[in-house]
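Quick note on the numbering used here: the sequence shown kicks off at 1 and runs consecutively.
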Amino acid sequence: MNLNQSAHGDREYGFILSRMRIPHQVLAGYYENNDVIEGISQFVDVAKAIAFSRSLKVASFGNNMREVAVTDGDRVESQIKYGWECNYYALGDLVKIIDNVSESEIDAKMTEYQSKYELKTDNIKAVREQARYQIGLEKFLKDNRIGAFADTFQDLYGLKQLPGLAVQDLNAKGIGFGPEGDYKIDALAAVLMKMSEGRKGATGFIEDYTYDLTQGKELELASHMLEVPVTFAATKPEIHVMPLGIGGKEDPARLIFDGVEGDGIQVTMVDMGDHYRIICADIELVKQPKPMPNLPVARIMYRHKPNFKIGTEGWCIAGGAHHSVVSTALTRDDIALFAMLTGTELICIGEETTKADLNALMMKKY
């Protein structure tokens with residue numbers, strides 16, 4: 001058989017892959033054309049992320065938050081399907097490492113913080129405590145070859161603060177994080193950060209926080225208690241120490257900043273019981289309409305596409321979680337390719353989404 005004839009060989013190879021049920025991508029065109037180069041580059045980014053996913057180890061310090069279903073999932077199926085090795089680790093073992101961090105190590109971490117962030121507190125002791133947590137976490141993650149982790153404010157035994165600044169700085173170094181025991185979102189964040197390496201823009205975990213329901217100008221404020229990734233900072237992040245009503249611990253240090261602007265996507269993964277589902281929504285990150293001095297956490301704001309009503313209703317109908325990964329570096333096409341190559345159901349919401357699409361989605365048998 002003459003496989004040197006490209007049209008002949010392409011079709012034979014395409015048939016064999018289809019016959020063997022091997023997920024793949026097809027790009028047609030001359031290899032020096034820009035569209036082909038861009039397609040190959042995208043495939044490489046997604047394939048790199050999938051390869052990373054196959055060997056990703058995830059640590060959970062505590063279970064998913066009590067009385068919250070969407071943060072849970074089938075960890076065995078996660079490993080079968082995505083390669084995520086998701087295991088529980090005793091918080092006490094991490095605390096032992098943290099307690100053995102030296103003052104000189106903390107001094108070095110404080111120097112690192114001050115080179116990147118603006119210190120806006122006199123409570124240096126609280127900031128040093130977060131430095132201690134980060135050093136301990138870095139040692140634990142390195143020793144166990146772990147690329148993502150989740151904690152929960154309901155399991156902080158042995159810690160004086162809920163980790164905040166420590167987590168935010170680790171996020172910027174490509175470590176996936178999920179709050180409230182949400183192992184799926186910390187793994188997904190790590191995978192998508194790997195996918196976006198080398199691209200312009202920010203990628204990281206976020207939580208849908210609250211709505212601005214001014215008619216015709218609806219916005220969503222996305223934040224979390226402490227752990228918004230510093231990669232979203234539009235201004236130089238400031239270190240503050242302020243009270244936190246959740247967790248019952250000392251006032252934690254955290255980074256506060258306003259978020260970047262631009263087009264982006266919001267992605268989440270949920271366990272539907274018999275399969276995983278990825279939901280991807282097109283959004284526009286916008287400048288906050290006015291200062292928010294009484295919100296003592298970092299935040300980003302975004303506008304749903306095609307509009308707030310369809311975007312929000314579609315997300316909820318699809319079963320979208322309150323934890324997600326936002327990216328201004330990746331596109332819906334990247335997520336679609338990832339979903340196709342991993343055999344994951346994908347639901348997209350964007351400019352072309354209509355009320356009729358939502359009605360059809362509502363009638364879908366899950």
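Note that CB positions come from ideal geometry on N, CA and C, so glycine has one too. Treat the numbers as computed from the prediction; the structure is a model and nothing was measured.
Annotation for V95: G158 place their beta carbon closer than 6 Å to its own, counting only its chain and skipping 5 residues before and after. Around the beta carbon of Y211, fewer than 16 other beta carbons lie within 10 angstroms, which makes this residue exposed. Counting only unbroken stretches of 3 or more residues, the beta strand (DSSP E) elements lying wholly within the stretch 73-148 are 85-88, in sequence order. If you draw a straight line from the Cα of V325 to the Cα of F43, it comes to about 20 Å. Per the DSSP secondary-structure output, S223 pairs in a beta bridge with E207. P163 and K139 have their alpha carbons spaced roughly 15 Å apart.
When secondary structure is reduced to three states using DSSP, S53 falls in the helix class.
Look at L361 here: in three-state DSSP terms it is helix. Nearest neighbour of R128 by Cα position, chosen from A253, D74 and A202, turns out to be A253. Sixteen is the threshold: since fewer than 16 other Cβ atoms of the shown chains lie within 10 Å of the Cβ of Y30, the residue is exposed.
In this structure, N87 sits away from A51, with a CB-CB distance that is not shorter than 8 Å.
Between the alpha carbons of D186 and Q168 lies a gap of roughly 13 Å. In this structure the stretch 244-251 does not lie against the stretch 272-287, because fewer than three pairs of beta carbons, one per stretch, are closer than 8 Å.
By the CB criterion at 8 Å, S327 and S196 fall inside the cutoff.
When C-alpha distances from L141 are compared across L56, L156, T71 and E207, the shortest belongs to L56.
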